[in-house]
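The sequence shown lines up with residues 20 to 263 when you count with my numbering.
Backbone N, C-alpha and C define an ideal beta-carbon position, used for all residues, glycine too.
As the structure is a prediction and not an experimental result, all values here were calculated from the model.
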Amino acid sequence: TVYADRLTASKIVAKRIAAIITAKAAKSENTVLGLATGVTPIAVYQELVRLHREEGLSFKNVITFNLDEYYPMQPTAIQSYKAFMLDHLFSHVDIDMANVHVPDGRLDVEEIAEYCLAYEQKISALGGLDLQILGIGRTGHIGFNEPGSAPNSGTRLVSLDDLTRNDAAHDFGGKSNVPAKAITMGIGTIFKAREIILMAWGIKKAPILKKAVEGEISADVPATYLQLSDQVEFIVDQAAASEL
Ligand code: GLP
Numbered sequence: 020t021v022y023a024d025r026l027t028a029s030k031i032v033a034k035r036i037a038a039i040i041t042a043k044a045a046k047s048e049n050t051v052l053g054l055a056t057g058v059t060p061i062a063v064y065q066e067l068v069r070l071h072r073e074e075g076l077s078f079k080n081v082i083t084f085n086l087d088e089y090y091p092m093q094p095t096a097i098q099s100y101k102a103f104m105l106d107h108l109f110s111h112v113d114i115d116m117a118n119v120h121v122p123d124g125r126l127d128v129e130e131i132a133e134y135c136l137a138y139e140q141k142i143s144a145l146g147g148l149d150l151q152i153l154g155i156g157r158t159g160h161i162g163f164n165e166p167g168s169a170p171n172s173g174t175r176l177v178s179l180d181d182l183t184r185n186d187a188a189h190d191f192g193g194k195s196n197v198p199a200k201a202i203t204m205g206i207g208t209i210f211k212a213r214e215i216i217l218m219a220w221g222i223k224k225a226p227i228l229k230k231a232v233e234g235e236i237s238a239d240v241p242a243t244y245l246q247l248s249d250q251v252e253f254i255v256d257q258a259a260a261s262e263l
């Protein structure tokens, strides 16, 4: 779905999220959300905060799982995805922080496999993700599933692509400070969500969006796997859609 601009589109996505939360809360059920970081979802989170402040949207029944985190990474570091989420959403709404899950970038390497399995199991035990929101990286990654990721991949430690580290260099004051690795939900984890929304804004995303939507399905562009799912909607602005 193509919207004129990112703000209009972000408000629609926030409304969808709010509708799920409200409908499930009315049945005394929890909403399990898969959340993303990056510039792309910021306006969605802003709108959710506004809906909380001005229209009484409560996050008391919301449980969240973030897609990914750099590794190694201290959660208190300003570049951490944990800090990003606190800054843009969690600090401004009434969510119970015990219901918030962001992959832990502090683990010892030998602890990671077990931790990742437990992350998957927690999501399953709660009945799975009601909705997963995604951005897209210029390598075609979703979460940090870089080219080469398998369609059935689970949560795991991955190496970041050179282009991804270039794109993150600004946040870290230079590429050499960008962690080489990350912990990410897998393509398989994302696919288990009942609904998936991938968002892309701006002209810089146009070439990769074209590949993701119209290109051959291939591990070279992991976002192309989304073409295989009926539960996916691409929500984009006119600039990102300009090459479609
Ligand atoms: C990072 C995140 C992705 C995100 C991508 C795009 O690599 N791990 O989840 O989709 O960047 O970022 P942005 O939204 O800033 O363009």
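Distance from the Cα of R35 is smallest, within the candidate group Y64, T59, D24, for Y64. Contact check for I215 and S248: beta-carbon distance about 7 Å, within the 8 Å limit, so the pair qualifies. Not one heavy atom of ligand 1 lies closer than 7 Å to the C-beta of D123. Around T56, the same chain offers Y100, F103 as residues with beta carbons nearer than 6 Å, after the five sequence neighbours per side are excluded. Per DSSP, M218 is not a residue of any alpha helix (DSSP H); the beta strand (DSSP E) it occupies stretches across 215-219. The beta carbon of H107 sits closer than 7 Å to the beta carbons of I61, Y64 from its chain, once the five residues preceding and following it are set aside; these are given in chain order.
With fewer than 16 other beta carbons inside 10 angstroms of its own, Q93 counts as exposed. Note on K224: 16 or more other CB atoms within 10 angstroms of its CB, so buried under the neighbour-count rule.
The beta carbon of A199 sits closer than 7 Å to those of S178, L179, all from its chain and outside the five residues before and after it, given in chain order. Here L105 carries a helix assignment [DSSP, helix/strand/coil]. For V58, the number of other beta carbons within 10 angstroms of its own is below 16, and it is reported as exposed. For F210, the shortest separation between its Cβ and any heavy atom of ligand 1 does not lie below 7 Å. Rounded to the nearest whole angstrom, the CA to CA distance from P91 to D123 is 9 Å. Contact between L217 and L245 holds: their C-beta atoms lie close to 6 Å from each other, under 8 Å. Going by DSSP, S178 is part of the beta strand (DSSP E) stretching over 175-178. Assignment of beta strand (DSSP E) within the stretch 222-258, counting only whole runs of 3 or more residues, yields 251-256 in chain order. Distance from the C-beta of D87 to the nearest heavy atom of ligand 1 is below 7 Å. In this structure, L126 and Y134 form a Cβ contact; the two beta carbons are roughly 6 Å apart against a cut-off of 8 Å. The C-beta distance from T174 to T208 rounds to 6 Å, short enough to fall under 8 Å. In this structure, the alpha-carbon of G193 lies about 17 Å from that of A201.
Setting aside the 5 residues that flank it on each side, R213 is surrounded in the same chain by G147, L148, D149, L150, Q250, each with a C-beta closer than 8 Å to its C-beta; the list follows chain order. Annotation: the continuous alpha helix (DSSP H) that includes L136 extends over 131-144. For Q151, the uninterrupted beta strand (DSSP E) run begins and ends at 150-153, by DSSP.
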